[in-house]
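Residue numbers (this note's numbering): 258 to 391.
The C-beta atom is built at its ideal place from N, Cα and C for all residues, glycine as well.
None of these values were measured; they are calculated from a predicted model.
This is the structure:
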């Protein structure tokens, strides 16, 4: 069984590896539910002001789902619905959002846009090649 810190290191390392030519903030957002994970990596590439989106490969998504399942197994820790893993240079923060924080009990595209505006100041995203992280 991995520790929470090991998951943090692995997830953060994968985000850094995937965000090629990132200049500034990197945000890995993941929505989890029983046996299901959806994840997107957002960052601004050097020389481009638009936020870029790529989908992490299945190994990264599986690791996030394992982390979600382990988080839910620990007492006094309800399972989160959405995780926002934010990397700013050498610092990172993780924001966990729970079902009761979403209008329908789970994150929507409007919630994602709101979070992108919060983390990047814009929800203008280049989604032209999201599979490049696969």
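Range of the contiguous beta strand (DSSP E) that encloses residue i
| i | result |
| --- | --- |
| residue 309 | 308-311 |
| residue 282 | 279-290 |
Contact set for residue i: own chain, Cβ-Cβ below 7 Å, skip 5 residues either direction
| i | result |
| --- | --- |
| residue 322 | 289, 294 |
Which of helix, strand or coil DSSP assigns to residue i
| i | result |
| --- | --- |
| residue 356 | helix |
| residue 303 | coil |
Minimum C-alpha distance to residue i - residue among the options
| i | options | result |
| --- | --- | --- |
| residue 316 | 381, 377, 267, 261 | 267 |
| residue 298 | 308, 304, 364, 328 | 308 |
| residue 275 | 291, 354, 301 | 301 |
Beta-carbon gap between residue i and residue j smaller than 8 Å
| i | j | result |
| --- | --- | --- |
| residue 296 | residue 287 | yes |
| residue 326 | residue 259 | no |
First and last residue of the uninterrupted alpha helix (DSSP H) at residue i
| i | result |
| --- | --- |
| residue 370 | 366-377 |
| residue 265 | 261-275 |
Residues of its chain near residue i, where Cβ-Cβ distance is below 6 Å and the 5 sequence neighbours each way are ignored
| i | result |
| --- | --- |
| residue 387 | 310, 311, 312 |
Any chain C beta carbon closer than 8 Å to residue i
| i | result |
| --- | --- |
| residue 274 | The structure shown has no chain C; it contains just one protein chain. |
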